[in-house]
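Under this note's numbering, think of the first position of the sequence shown as 523, with each following residue one higher. Accompanying notes for the structure given below.
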Amino acid sequence: MRHFVKILGISIVGILFLNSCKSSQFSGTHKPIAKRVILIGSDGFGAYAFSKAKVPNLRKLMMEGAYSLEARSVLPSSSAVNWASMIMGSGPELHGYTEWGSKTPELPSRIIGEGNIYPTIFSVLDEQRPKAKKGVSYTWGGIGYLFEKNMVDLDFNGKTDKETVAKAMKFVVKEKPVFTFIHLTHPDNEGHEVGHGTPEYYKAVEGVDALVGDIVATLEKKGMLEDTILIFSSDHGGIDKGHGGKTLAEVEIPWIIYGKGIPAKGKLASSIVTYDTAATIAYALGLQMPDFWRGKPVKEVFIDEK
């Protein structure tokens, strides 16, 4: 009898220990706010662009949802560093991607997940809701090194932003994924080739706005808009024909959220860093956020103060 009690005691302690380990990896849980989240990322879209560009679709999301034009990228203010931070919930100090075109971490990642990279929102979703569909459709090939390819149901590298959006929306409509990341390469191309703040740059910004309008129209037509959250953001802005520096024109990015459970709050007071995007997506989907992430959900957007 004593032997049985001893074994039972050891078993209970073991179970408690395992539960403790698991709870140390993840924090917080609640019911999902929306059925799905779509993250739209526009490369090189500086927050300053809103001062001159005609972007009626984005402004509609801003006014009927919530936004900040003072959200910030991590440093250096360049592409791979910030796209990684956006979906990895942490900065380069932890995920290790430190350069514009990083394909592997220059600094060893602090945590290595099941996908053999620093865990993204995709691996968090895969672990907690393994049956949920998820996908990535992107125009810049560099995105392909920043997520767990073995965990997504769509991995598509389009030749143009229009093709990228078309493929993403076909996937969304058919498969009803819980999370989709759509990456657009404009207006970064124009920023490098002609220059930031040029007529060509603003024209490209307006082209991105039109594609956002197409995404919203498709969701509305298919009756999916009412249970979807859209987040629009960017990796960086720029000056002249470059980026990567410490000026506000390079660092300040738009951050817009709209849809299910998002009251019309307009301009946000919160200080937002790009790695808060992953945390906000996790919160919206009712996921437990890894405690090794450094981002925090922008909970202000979900609170109706009326």
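Ideal Cβ positions, reconstructed from N, Cα and C, are used throughout, including at glycine.
Quiz item: When DSSP labels each residue in this structure, what does residue 769 get in the three-state scheme?
Solution: Reading the sequence shown from its first residue, position 247 is the one you call residue 769. In this structure, residue 769 counts as coil in the three-state DSSP scheme.
Practice problem: Pick helix, strand or coil for residue 656, following the three-state DSSP scheme. | Solution: Taking the first residue of the sequence shown as position 1, residue 656 is located at position 134. It is a strand residue.
Quiz prompt | Backbone secondary structure at residue 575 - three-state DSSP | solution = Working through the sequence shown from its first residue, we reach residue 575 at position 53. In the three-state scheme derived from DSSP, where H, G and I count as helix and E and B as strand, residue 575 is classed as coil.
Quiz item: Is the beta carbon of residue 563 less than 9 angstroms from the beta carbon of residue 792?
Solution: If you number the sequence shown from 1, residue 563 lands on position 41. If you number the sequence shown from 1, residue 792 lands on position 270. Between residue 563 and residue 792, the CB-CB gap reaches or exceeds 9 angstroms.
Exercise. Go to residue 589, then tell me how far its beta strand (DSSP E) extends in each direction, as first and last residue.
Key: The residue labelled residue 589 in the question sits at position 67 within the sequence shown. Secondary structure note for residue 589: its beta strand (DSSP E) is the uninterrupted segment 588 to 594.
Exercise. Using the Cα positions of residue 735 and residue 630, report the straight-line distance between them to the nearest angstrom.
Key: Residue numbering aside, residue 735 sits at position 213 when the sequence shown is read from its first letter. Residue numbering aside, residue 630 sits at position 108 when the sequence shown is read from its first letter. Residue 735 and residue 630 have their C-alpha atoms some 40 angstroms from each other.
Quiz item: Three or more C-beta pairs closer than 8 angstroms, one from the stretch 796 to 811 and one from the stretch 748 to 768: is that the case here?
Solution: Judged by Cβ distances under 8 angstroms, the stretch 796 to 811 makes contact with the stretch 748 to 768, as three or more pairs qualify.
Quiz item: For residue 700 versus residue 807, is the C-beta spacing smaller than 9 angstroms?
Solution: Sequence index remark: in the sequence shown, residue 700 carries index 178 (1-based). Sequence index remark: in the sequence shown, residue 807 carries index 285 (1-based). Yes, the Cβ-Cβ distance between residue 700 and residue 807 is below 9 angstroms.
Quiz prompt | Alpha-carbon spacing of residue 649 relative to residue 611, whole angstroms | solution = Taking the sequence shown and counting its residues from 1, one reaches residue 649 at position 127. Taking the sequence shown and counting its residues from 1, one reaches residue 611 at position 89. Distance between the alpha carbons of residue 649 and residue 611: 16 angstroms.
Quiz prompt | Cross-strand partners of residue 721 (DSSP beta bridge) | solution = In the sequence shown, counting from the first residue as 1, residue 721 sits at position 199. Partner(s): none; residue 721 has no beta bridge.
Exercise. Mind reading off the beta-carbon distance from residue 602 to residue 622? Whole number of angstroms is fine, and I expect it under 8 angstroms.
Key: Here residue 602 refers to the residue found at position 80 when the sequence shown is read from its first residue. Here residue 622 refers to the residue found at position 100 when the sequence shown is read from its first residue. Residue 602 to residue 622, Cβ: 6 angstroms. Contact.
Quiz item: Going straight from the alpha carbon of residue 767 to that of residue 627, what length do you get?
Solution: Sequence index remark: in the sequence shown, residue 767 carries index 245 (1-based). Sequence index remark: in the sequence shown, residue 627 carries index 105 (1-based). C-alpha separation (whole angstroms): 20 angstroms.
Quiz item: Touching or not, the stretch 660 to 674 and the stretch 701 to 710, by the rule of three or more beta carbon pairs under 8 angstroms?
Solution: The answer is yes - the stretch 701 to 710 touches the stretch 660 to 674, with three or more Cβ pairs under 8 angstroms.
Quiz item: With respect to the alpha helix (DSSP H) encompassing residue 802, which residues constitute its N-terminal and C-terminal limits?
Solution: If you number the sequence shown from 1, residue 802 lands on position 280. It spans 798 to 806 - the alpha helix (DSSP H) in which residue 802 sits, taken as one unbroken run.
Quiz item: Do the CB positions of residue 765 and residue 729 come within less than 9 angstroms of each other?
Solution: Here residue 765 is taken as the residue at index 243 of the sequence shown, counted from 1. Here residue 729 is taken as the residue at index 207 of the sequence shown, counted from 1. Cβ atoms of residue 765 and residue 729: not closer than 9 angstroms.
Quiz item: Closest by CA to residue 747, which one among 558, 552, 553, 554?
Solution: Position 225 of the sequence shown, counted from the start, is the residue given in the question as residue 747. Of 558, 552, 553, 554, the smallest CA-CA separation from residue 747 is found for 558.
Quiz item: For residue 776 versus residue 824, is the C-beta distance shorter than 9 angstroms?
Solution: Start at 1 with the first residue of the sequence shown, and residue 776 comes out as number 254. Start at 1 with the first residue of the sequence shown, and residue 824 comes out as number 302. In this structure, residue 776 sits away from residue 824, with a CB-CB distance that is not shorter than 9 angstroms.
Quiz item: How is residue 679 classed by DSSP in three states: helix, strand or coil?
Solution: To locate residue 679, count along the sequence shown from 1; it is residue 157. In the structure shown, residue 679 sits in a strand (DSSP, three-state: E or B).
Self-check item: Backbone CA spacing between residue 578 and residue 819 [nearest angstrom]
Solution: Counting from one through the sequence shown, the residue named residue 578 turns up at place 56. Counting from one through the sequence shown, the residue named residue 819 turns up at place 297. Between residue 578 and residue 819, the C-alpha separation is close to 27 angstroms.
Quiz item: Rounded to a whole number of angstroms, what is the C-alpha to C-alpha distance between residue 668 and residue 744?
Solution: In the sequence shown, residue 668 corresponds to position 146, counting from 1. In the sequence shown, residue 744 corresponds to position 222, counting from 1. Straight across, the Cα-Cα distance linking residue 668 with residue 744 is about 30 angstroms.
Exercise. Would you decide whether residue 731 is buried or exposed? Buried here means 16 or more other CB atoms lie within 10 Å of its CB.
Key: Here residue 731 refers to the residue found at position 209 when the sequence shown is read from its first residue. So residue 731 counts as buried.
Quiz item: Just how far apart, CA to CA, sit residue 720 and residue 697?
Solution: Along the sequence shown, read from residue 1 onward, the residue named residue 720 stands at position 198. Along the sequence shown, read from residue 1 onward, the residue named residue 697 stands at position 175. A straight line joining the alpha-carbon of residue 720 with that of residue 697 spans about 39 angstroms.
Quiz item: Is the beta carbon of residue 682 less than 9 angstroms from the beta carbon of residue 693?
Solution: Here residue 682 refers to the residue found at position 160 of the sequence shown. Here residue 693 refers to the residue found at position 171 of the sequence shown. No Cβ-Cβ contact shorter than 9 angstroms links residue 682 with residue 693.
Exercise. Reducing DSSP to helix, strand and coil, say where residue 552 ends up.
Key: Locating residue 552 in the sequence shown gives position 30, counting from the first residue. In the displayed model, residue 552 falls within coil according to three-state DSSP, outside both helix and strand.
Quiz prompt | Whole-angstrom distance between residue 769 and residue 687, CA atom to CA atom | solution = Looking up residue 687 in the sequence shown gives position 165. Looking up residue 769 in the sequence shown gives position 247. Straight-line measurement puts the Cα of residue 769 at about 31 angstroms from the Cα of residue 687.
Exercise. Could you pull the start and end residues of the beta strand (DSSP E) that residue 706 belongs to?
Key: On the sequence shown, position 184 is the one that residue 706 refers to. Where residue 706 is concerned, the enclosing beta strand (DSSP E) stretches over 701 to 706.
Quiz item: Going by beta carbon distance, what residues of the same chain come within less than 8 angstroms of residue 816, once the five residues before and after it are set aside?
Solution: Within the sequence shown, residue 816 is the residue found at index 294, counting from 1. Around residue 816: 611, 612, 613, 616, 797.
Quiz item: Under the three-state reduction of DSSP, which class applies to residue 643: helix, strand or coil?
Solution: Working through the sequence shown from its first residue, we reach residue 643 at position 121. Here residue 643 carries a helix assignment [DSSP, helix/strand/coil].
Quiz item: Whose C-alpha, out of 643, 585, 633, 680, is nearest the C-alpha of residue 781?
Solution: Here residue 781 is taken as the residue at index 259 of the sequence shown, counted from 1. Ranking 643, 585, 633, 680 by Cα distance to residue 781 puts 585 first.
Quiz prompt | Distance, residue 597 Cα to residue 609 Cα | solution = The sequence position of residue 609 within the sequence shown is 87, counting from 1. The sequence position of residue 597 within the sequence shown is 75, counting from 1. Counting only the Cα atoms, residue 597 lies some 16 angstroms from residue 609.
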